[in-house]
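Undergrad: Numbering (my numbering), first residue to last: 574 to 1147.
Cβ coordinates follow ideal geometry from the N, Cα and C atoms, glycine included.
Note that this is a predicted model, so its numbers are computed, not measured.
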Amino acid sequence: MTHPKVVLTADRTLMSPYRGISLASFFGCAPALDTNRSHDSIWYHILGNQVTPRILFDFICNPIESINGHATYAPYGLRKVEASLLRDGYRKEDVVVAHPDYIEQFIGPETEVVGTYEMDPLGMGPVTMTFTYGRKQMSYDEFYNRELHYRINAAKTKNGSKAKVIAGASGTWQYNYDPAKIEEYGLYGIVEGDLGGIGPEIDGAGRRFFDALINGEMENANPFKKKEFKIEIKEFSRNGKDYHGRFIHYRDEPSVDEIPNIVNPSMHGMIEVMRGCGRGCKFCDVTLRPLRYYPVEKVQREIEINMKYGGLKNAWVHSDDIFVYGLNPRTTKNMQPNREAIEELFKGIMATGIEHTNPTHGTLAGAIADERLIPNVSKIIRAGADNHIGIQCGFETGSTRLIGKYADRKLAPYKPSEWHWVVKTAVKTLNEHYWVPAFTLIMGLDNDETPEDSWETIRLIHELETEQPDSKFTVTPLTFVPIGLLEKSEFFDIGNTMDPPKLGVMYKTWQHNLKYGIQKFMHKVGRNNKMKSLFFAGLARSLGGVPLSAMEKFAKSKSSEHVKVIERIKANYW
Ligand code: SF4
């Protein structure tokens, strides 16, 4: 058997339909192993080193199907890379998007490159850092990524392959912080910077990139030459040992015409409508990219691929801020949404015949800046009581000081002093039209969050609950990660810098999610089957309660001030 020249893959956590619940993909952030667990503990006798039982995780993170070892659905970014190679003349048999369970069968003497798509390879993503107490435990993201690399290396040894293994996508920055893994996983190169992201920008270069890699043009550093691909050999010293890694940067961003359309189905029906975001939040790297919008026809072509070859009836629209779609940030005053362009986009999406669509991300200010926008779009996409529209929105912080300092244009056309009003009005507007925002907030933003900032966040969540008791939203706390314009800052160290009010923020968000989110959400999972519904509701109660009890235990181990904050929240903000 001849092996393909290029094998693309991703680990199980990125190759799962999560039983059709796209929000469950966050579950990869859950802790898998606690290697420091005392052998005397009762948990050790029940679970060994496992934290979230593997049997439970593997049930929720069910593997996608495969045909002859090929993944039937794959992360959108991998599909883009695959499409770029086929567009540029690679033959179909030269490029495989492999199911991780069958990776061994594709790696052989003829294989030149194995490319892995990695979003949180070492469990350092903000949600994961929160769940693993700053990586004191190993997350499932890291666990399965490690397993994938071990298997790739075993297959290379067994089959006599000299393939270069490269890691790409939005999580590769993590290797800078644990360079020992570069050696452990045998990585030839790490594709970094603007190449990352959900639709890696490498899809513009396609063949040029892979040919250069295969022909050995990326062997040596070339910092002074003006080349399309910049190679940097980074040296690291950790615990008395030296490591090095080859980091590859792509200097260009493709224009919309240079971005290929996917040719095989993407995971969760994801397609893309834009790249970049003009809002300029300092803690975000998306904003460093130029803004580009897909024309409606290009969006439709990708949806049609998902429908025709994947049988999908939904389109999950990747957008960094959907309410920016179609506007020119240089000439548009105050980021006023281009309502006509957004309406045309969604009309075009629905015209393909899909039954459901929702954007991945949008800003709260953008949602209410034009009062006809949400009502009109909701009508177009047929939002309703049995067709809720989920959207991830950056809540970031309740502190008007912090939001003004780090993300003032995120609020445009409003002012930082109006932030609380914007949040409340947007939740009301979105909910009234059957949209449910999934908020993310940043804990320890640039290590500049004061106790008063934290309490402002807790109060704002509580005000939303009490002033608008029927409001529907979830809140996920993320720890600060230095990227974007703040890449020179330090990580927020959740293990050591968790002062009492910050623990309070985390506690309040989980209490909210458990009470308002998880229980209702899990009921939905088993909505057609009473037993299933009861099972999932019970699961939600017990799983959701785990972080709250863990935080109470953590508070006791820290100080009486930590305990007092929890008690104050229970008494005043429950
Ligand atoms: S609005 Fe979102 S995508 Fe845009 S810069 Fe801010 S955080 Fe990044």
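In three-state terms, what does DSSP make of Met1071?
TA: If you number the sequence shown from 1, residue 1071 lands on position 498. Reduced to three states, the DSSP call for Met1071 is coil.
Undergrad: Which residue wins for smallest C-alpha separation from Phe802, given the options Asp1026, Arg811, Arg819 and Glu808?
TA: Within the sequence shown, residue 802 is the residue found at index 229, counting from 1. Closest by alpha carbon: Arg819.
Undergrad: Hey, how far is the Cα of Lys978 from the Cα of Thr970?
TA: Residue numbering aside, residue 978 sits at position 405 when the sequence shown is read from its first letter. Residue numbering aside, residue 970 sits at position 397 when the sequence shown is read from its first letter. Going from the Cα of Lys978 to the Cα of Thr970 covers about 11 Å.
Undergrad: Does the Cβ of Asp1026 have 16 or more other Cβ atoms within 10 Å, making it buried, or fewer, making it exposed?
TA: Along the sequence shown, one-based indexing puts residue 1026 at 453. Looking at its Cβ environment, which holds 16 or more other Cβ atoms inside 10 Å, Asp1026 is buried.
Undergrad: To the nearest angstrom, how far is it from the Cα of Gly688 to the Cα of Lys665?
TA: Numbered from its first residue, the sequence shown carries residue 688 at position 115. Numbered from its first residue, the sequence shown carries residue 665 at position 92. Going from the Cα of Gly688 to the Cα of Lys665 covers about 16 Å.
Undergrad: For the candidate residues Gly851, Leu1014 and Thr1039, whose alpha-carbon lies nearest to that of Ala985?
TA: Counted from its first residue, the sequence shown places residue 985 at position 412. Between Ala985 and the set Gly851, Leu1014 and Thr1039, the nearest pair of CA atoms involves Gly851.
Undergrad: Sorted by chain position, which residues of the same chain lie with C-beta nearer than 8 Å to Thr925's C-beta, five sequence neighbours on each side aside?
TA: Numbered from 1 along the sequence shown, position 352 holds the residue referred to as residue 925. Cβ within range, chain order: Gln873, Ile876, Glu877, Met880 and Ala888.
Undergrad: Since Val686 contacts Ile835 with CB under 8 Å, what's their CB separation in whole angstroms?
TA: Stepping through the sequence shown from its first residue, residue 686 is reached at position 113. Stepping through the sequence shown from its first residue, residue 835 is reached at position 262. So it is not a contact: roughly 20 Å between Cβ atoms.
Undergrad: For the alpha helix (DSSP H) containing Tyr717, name the first residue and the last one.
TA: The residue you call residue 717 lines up with position 144 of the sequence shown. Taken as a continuous stretch (DSSP letters only), the alpha helix (DSSP H) holding Tyr717 covers Tyr713 to Asn732.
Undergrad: Do three or more CB pairs link the region 1043-1060 to the region 1074-1087 at distances below 8 Å?
TA: yes
Undergrad: How is Asp751 classed by DSSP in three states: helix, strand or coil?
TA: Locating residue 751 in the sequence shown gives position 178, where the first residue counts as 1. If DSSP states are grouped into helix, strand and coil, Asp751 belongs with coil.
Undergrad: Run the CB neighbour count on Lys1143, radius 10 Å, all protein chains shown included, and call it buried at 16 or more, exposed below.
TA: Here residue 1143 refers to the residue found at position 570 of the sequence shown. Label assigned to Lys1143: exposed.
Undergrad: Mapping DSSP to helix, strand and coil, what is Asp815?
TA: Counted from its first residue, the sequence shown places residue 815 at position 242. In the structure shown, Asp815 sits in a strand (DSSP, three-state: E or B).
Undergrad: Closer than 7 Å: is that where the CB of Gly698 sits relative to any heavy atom of ligand 1?
TA: Within the sequence shown, the letter at position 125 stands for residue 698. The answer is no for Gly698.
Undergrad: What residue from Phe630, Lys988, Leu1037 and Ser951 has the CA that sits closest to Asn931's CA?
TA: By 1-based counting over the sequence shown, the position of residue 931 is 358. Taking only the C-alpha atoms, the option nearest Asn931 is Ser951.
Undergrad: In chain order, which continuous runs of the beta strand (DSSP E) of length 3 or greater are located wholly inside the region 956-989?
TA: 962-969
Undergrad: For Gly777 and Glu831, which I take to be in contact (beta-carbon distance under 8 Å), what is that distance rounded to the nearest angstrom?
TA: In the sequence shown, counting from the first residue as 1, residue 777 sits at position 204. In the sequence shown, counting from the first residue as 1, residue 831 sits at position 258. That belief holds up - the Cβ atoms of Gly777 and Glu831 are roughly 4 Å apart, short of 8 Å.
Undergrad: Return the residue from the list Met711, Gln710, Ile633 and Pro827 that minimises the CA-CA distance to Phe599.
TA: Translated into the one-based positions of the sequence shown, residue 599 becomes position 26. The residue with the shortest Cα to Cα distance from Phe599 is Ile633.
Undergrad: What are the start and end residues of each continuous alpha helix (DSSP H) run of 4 or more residues lying completely inside the region 591-648, in chain order?
TA: Segments of the alpha helix (DSSP H) lying fully in the region 591-648: 615-620 and 627-633.
Undergrad: Any heavy atom of ligand 1 closer than 7 Å to the beta-carbon of Ala1123?
TA: For the purposes of this step, residue 1123 is taken as residue 550 along the sequence shown, with counting starting at 1. Not under cutoff, so the answer is no.
Undergrad: Using the C-alpha atoms, what's the distance from Gly707 back to Cys966?
TA: Here residue 966 corresponds to residue number 393 of the sequence shown, with the count starting at 1. Here residue 707 corresponds to residue number 134 of the sequence shown, with the count starting at 1. Cys966 and Gly707: Cα-Cα distance of roughly 24 Å.
Undergrad: What is the DSSP secondary structure of Met847, reduced to helix, strand or coil?
TA: In the sequence shown, counting from the first residue as 1, residue 847 sits at position 274. Strand.
Undergrad: How should Phe1046 be labelled, buried or exposed, when 16 other C-beta atoms within 10 angstroms of its C-beta is the threshold for buried?
TA: As a working mapping, residue 1046 is identified with position 473 in the sequence shown. When all chains shown are included, Phe1046 counts as buried.
Undergrad: Can you tell me whether Val668 sits near ligand 1, meaning its C-beta is under 7 Å from at least one heavy atom of the ligand?
TA: Walking along the sequence shown from the start, residue 668 turns up at place 95. Every heavy atom of ligand 1 is 7 Å or more from the Cβ of Val668, so no.
Undergrad: Comparing the CB of Lys978 with every heavy atom of ligand 1, is any distance shorter than 7 Å?
TA: Translated into the one-based positions of the sequence shown, residue 978 becomes position 405. Incorrect: Lys978 has no Cβ contact closer than 7 Å to ligand 1.
Undergrad: Within the continuous alpha helix (DSSP H) that includes Asn931, where are the two ends?
TA: Counting from 1 along the sequence shown, the entry for residue 931 is found at position 358. Not the alpha helix (DSSP H): Asn931 falls in the beta strand (DSSP E), residues His929 to Pro932.
Undergrad: Which residues in the same chain as Leu651 place their Cβ atom closer than 7 Å to its Cβ, once the five residues preceding and following it in sequence are excluded?
TA: Translated into positions along the sequence shown, residue 651 becomes position 78. So the qualifying residues of the chain are Leu581, Ala583, Val670 and Tyr690.
Undergrad: What did DSSP end up calling Ser810 once you bin it into helix, strand or coil?
TA: Translated into positions along the sequence shown, residue 810 becomes position 237. The answer is strand: DSSP assigns Ser810 an E or B state.
Undergrad: May I ask you to report which of helix, strand or coil DSSP gives Asp767?
TA: By 1-based counting over the sequence shown, the position of residue 767 is 194. Any reading at Asp767 is ruled out, since the residue's pLDDT is 47, under 50, leaving its predicted position unreliable.
Undergrad: Curious, which full-length alpha helix (DSSP H) runs of at least 4 residues does the region 649-677 contain?
TA: 649-660
Undergrad: So what does DSSP say about Pro1050, is it helix, strand or coil?
TA: The count along the sequence shown starts at 1 and reaches residue 1050 at position 477. It is a strand residue.
Undergrad: Can you determine whether any heavy atom of ligand 1 sits closer than 7 Å to the C-beta of Thr936, and answer yes or no?
TA: Taking the first residue of the sequence shown as position 1, residue 936 is located at position 363. Distances between the C-beta of Thr936 and the heavy atoms of ligand 1 include at least one below 7 Å.
Undergrad: What are the start and end residues of the alpha helix (DSSP H) that includes Pro1010?
TA: Position 437 of the sequence shown holds residue 1010. Segment Trp1008 to Met1016 is the beta strand (DSSP E) holding Pro1010; no alpha helix (DSSP H) there.
Undergrad: CA-CA distance, Ala1128 and Ile954?
TA: Translated into positions along the sequence shown, residue 1128 becomes position 555. Translated into positions along the sequence shown, residue 954 becomes position 381. If I take the Cα positions, the gap works out to 45 Å.
Undergrad: Going by the beta-carbon positions, is the gap between Ile725 and Ile775 smaller than 8 Å?
TA: One-based indexing of the sequence shown puts residue 725 at position 152. One-based indexing of the sequence shown puts residue 775 at position 202. Result no, Cβ atoms of Ile725 and Ile775 do not sit closer than 8 Å.
Undergrad: Of the residues Lys731, Leu1087, Asn795 and Lys709, which one's Cα is nearest the Cα of Asp1066?
TA: Stepping through the sequence shown from its first residue, residue 1066 is reached at position 493. Here the closest residue by C-alpha is Lys709.
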